[in-house]
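The numbers in UniProt numbering rise by one with no breaks, and the one at position 209 of the sequence shown is 209.
For each residue, glycine too, the CB sits at the ideal point set by N, CA and C.
Every value quoted in this text rests on a predicted model; they were computed, and no experiment measured them.
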Amino acid sequence: MYSREDKQRAIELFYQYHQSWSAVVRKLGYPSLGALRQWIRDYELDANSMLVDIPRKRKPKYSDEQRQAALNHFFEHGQFITKTVKAMGYPSRQLLREWLLQDPRCDDSLRGRTVVAKLAAPADIKVKAVEALYKREVPARKIAEDFGISRETLYSWKRDVLGVSFPTKQTSDSSEEVKSLDVTPEVSELQARIKELELQNDILHQVNALLKKDLGIDHLNLTNREKVQVIDALRDKYSLNILLQSLQLSKSSYFYQCNAIAKGDKYEAVRPRLRAIFKQNYESYGYRRMKMELADEGILLSEKVIRRLMAEEGLEIAIKRCRKYSSYAGEITPAVPNILDRNFQAGEPNQKLVTDITEFSIPAGKVYLSPLIDCFDGQITSWTVGSSPTAELVNTMLSNAAETFASNEHPIVHSDRGAHYRWPGWITLMNELGLTRSMSKKASTPDNAQAESFFGHLKTEFFYNRSWLGKTIDDFTQELNQYIEWYNTKRRKKVLGGISPQEYRQSKAS
1 MYSREDKQRA
11 IELFYQYHQS
21 WSAVVRKLGY
31 PSLGALRQWI
41 RDYELDANSM
51 LVDIPRKRKP
61 KYSDEQRQAA
71 LNHFFEHGQF
81 ITKTVKAMGY
91 PSRQLLREWL
101 LQDPRCDDSL
111 RGRTVVAKLA
121 APADIKVKAV
131 EALYKREVPA
141 RKIAEDFGIS
151 RETLYSWKRD
161 VLGVSFPTKQ
171 TSDSSEEVKS
181 LDVTPEVSEL
191 QARIKELELQ
201 NDILHQVNAL
211 LKKDLGIDHL
221 NLTNREKVQV
231 IDALRDKYSL
241 NILLQSLQLS
251 KSSYFYQCNA
261 IAKGDKYEAV
271 RPRLRAIFKQ
281 NYESYGYRRM
291 KMELADEGIL
301 LSEKVIRRLM
311 AEEGLEIAIK
321 RCRKYSSYAG
331 EITPAVPNIL
341 DRNFQAGEPN
351 QKLVTDITEF
361 SIPAGKVYLS
371 PLIDCFDGQI
381 TSWTVGSSPT
391 AELVNTMLSN
401 AAETFASNEH
411 PIVHSDRGAH
421 YRWPGWITLM
431 NELGLTRSMS
441 KKASTPDNAQ
451 AESFFGHLKT
461 EFFYNRSWLG
471 KTIDDFTQEL
481 NQYIEWYNTK
491 RRKKVLGGIS
501 PQEYRQSKAS
């Protein structure tokens, strides 16, 4: 039963935490999510009546028929309380006495031997019983029988004498600490506080040692699995109930996590395959393309699971930004119109092509790449690699690409306003091949977004996340060529349905 103040505090936190149910329960440690929802509904219907303490009527454990059957058996079989309880299997002897006192057949003589005055146990008896419980030389049930009380009463005495947080089991290093339990309430409270601080200190050190977290972290913010690890490490020193209470973990959650840990990792066989796929694909695959790759191998996992497994394995795509290479050298020749006008959609191959130059700076020197990209599927139709951005670099790329064109194919070739695409040699070659020129506006990167997108993927997946120390320019060129081949034939593109550009082109041709 929660008081009006408890309910009011929970409702205030609910609106303070932007109507987050779980945040309120984590903060206060009460109530259940269902109870909190009911409080909020009642509060919104009638705030005044909801915050009034109304005693909750408890549903009786036994029905009226069961009660009458037990009373009839008592009066019909010699009026023995113990025998009636054994014969019926219910209720407790105390509850049967209460039923008898309310029955009209109970006369004065029966009432006199039914009512038993329960005398309060002397303080010295309580102290001796709790001392025996603390030393734990025999089981708690045996201690309770020796003192003529129930096991529940014994633990109730322990709470009265020592407090809730004081351990009920003597540890190896505490035999000299408690010589006598006949202490004043102030001393008992101080001892309980000391034990509580020791427990909190032990928990923080276990969090640091086991989970590698900072000593200043709030142990209540740990996950349930992390809390179980801390509890198991301290079970030899503290009782389970004390640890569960300190970490605000329910017993059912504790045993659920224990069973889950005992079952092991059901994704153990998938983890090595995740690492292999990530490494084979230039450490560039996120969880979406990783899901496609696993699905082709018959491994069906949700994106949420793959994202979590990649985070646990440290499979993170490195992102880095560097200064963009610019080939602009002024208005050498008149610029041509922007025919594409940012429309990079093509209905067939060799209809719209885009090009640009990008620079790689490695310890061995600088390397330049000039690709020709087909807007139909993003495939790199032709590319050249060199150690300097010369006119020969781009002209050779265009000549190689022209060899793959059919006689009736005269695509649009779009570029930025770099000097390579405004020199007479490039213009002459374009006219000889019957190709149409198109140019971006000055200092307008989005006008050539198709090429910029490829360079972004190229630098992120191939260049930035690797060390090029000890690599020669020839070594780098060879690995760059291998990446572009992989990009064309194997790299999955979500916009193409999760297949590579080459596979997409083959599927459309068939």
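Note: T358 is bridge-paired with L369 in the DSSP secondary-structure output.
Note on geometry: alpha-carbon atoms of I261 and Y254 lie some 11 Å from one another.
Per the coordinates, the alpha-carbon of T472 lies some 54 Å from the alpha-carbon of I203. Counting along the chain, G386 sits inside the beta strand (DSSP E) bounded by residues I380 to G386. Two segments are said to touch when three or more pairs of C-beta atoms, one from each, lie closer than 8 Å; by this definition the stretch 390-401 does not touch the stretch 307-319. Assigned with DSSP and collapsed to three states, V138 falls in coil, not helix or strand.
Counting only residues of its own chain and dropping the five nearest sequence neighbours on each side, N338 has a CB closer than 7 Å to the CB of S438, M439, S440, K441 and D447. The stretch 88-107 and the stretch 130-148 do not touch, with fewer than three beta-carbon pairs separated by less than 8 Å. When the beta-carbon positions are compared, Q450 and I362 stay at least 8 Å from each other. A straight-line Cα-Cα distance of about 10 Å links T333 and I427. Inside the stretch 251-278, DSSP marks whole alpha helix (DSSP H) runs of 4 or more residues at positions 251-263, from first to last along the chain.
Judged by their CB atoms, L496 and Y487 are not nearer to each other than the 8 Å cut-off. Taking a contact as a CB-CB distance under 8 Å, the pair L28 and R9 counts as one, their CB atoms being some 7 Å apart. The three-state reading of DSSP puts S415 in strand, counting E and B together. Going by C-alpha positions, R307 is about 5 Å away from Y287.
Taken through DSSP and simplified to helix, strand or coil, L220 comes out as helix. About 5 Å separates the CB atoms of G434 and H410; that is less than 8 Å, so the two are in contact.
For T84, the enclosing alpha helix (DSSP H) begins and ends at I81 to M88. Residue L100 holds the alpha-carbon nearest to the alpha-carbon of A70 among N350, L45, R466 and L100. A distance of 8 Å or more separates the beta carbons of S387 and G418.
The bridge partners DSSP lists for M439 are S415. Relative to Y238, the option among L199, H73, P349 and E12 whose CA is nearest is L199. Considering only I242, A406 and F360, the residue with the shortest C-alpha distance to N350 is A406. The count of Cβ pairs closer than 8 Å, one atom from the stretch 277-297 and one from the stretch 455-470, reaches three, so the stretches are in contact. Residue environment analysis places H420 among the buried positions, since at least 16 neighbouring C-beta atoms fall within 10 angstroms of its C-beta. The three-state secondary structure of D146, taken from DSSP, is helix.
If you ignore the 5 residues before and after E303, its C-beta comes within less than 8 Å of the C-beta of Y287, R288 and K291, all in its own chain and listed in chain order. Counting of Cβ neighbours within 10 angstroms places V138 among the exposed residues, the total staying below 16. Sixteen is the threshold: when 16 or more other Cβ atoms of the shown chains lie within 10 Å of the Cβ of T355, as they do, the residue is buried.
In the structure shown, I499 falls within a strand segment according to DSSP collapsed to helix, strand and coil.
Taking 8 Å as the cut-off, the beta carbon of R492 is found closer than this to the beta carbon of G498.
With contacts defined by Cβ atoms closer than 8 Å, K83 and H77 form a contacting pair. With respect to the 8 Å criterion, L197 and K227 are not classified as neighbours on the basis of their beta carbons. Residue environment: D416 is assigned as buried (16 or more neighbouring CB atoms within 10 Å of its CB, all protein chains considered). Taking C-beta atoms as the reference points, T358 and L369 count as a pair closer than 8 Å.
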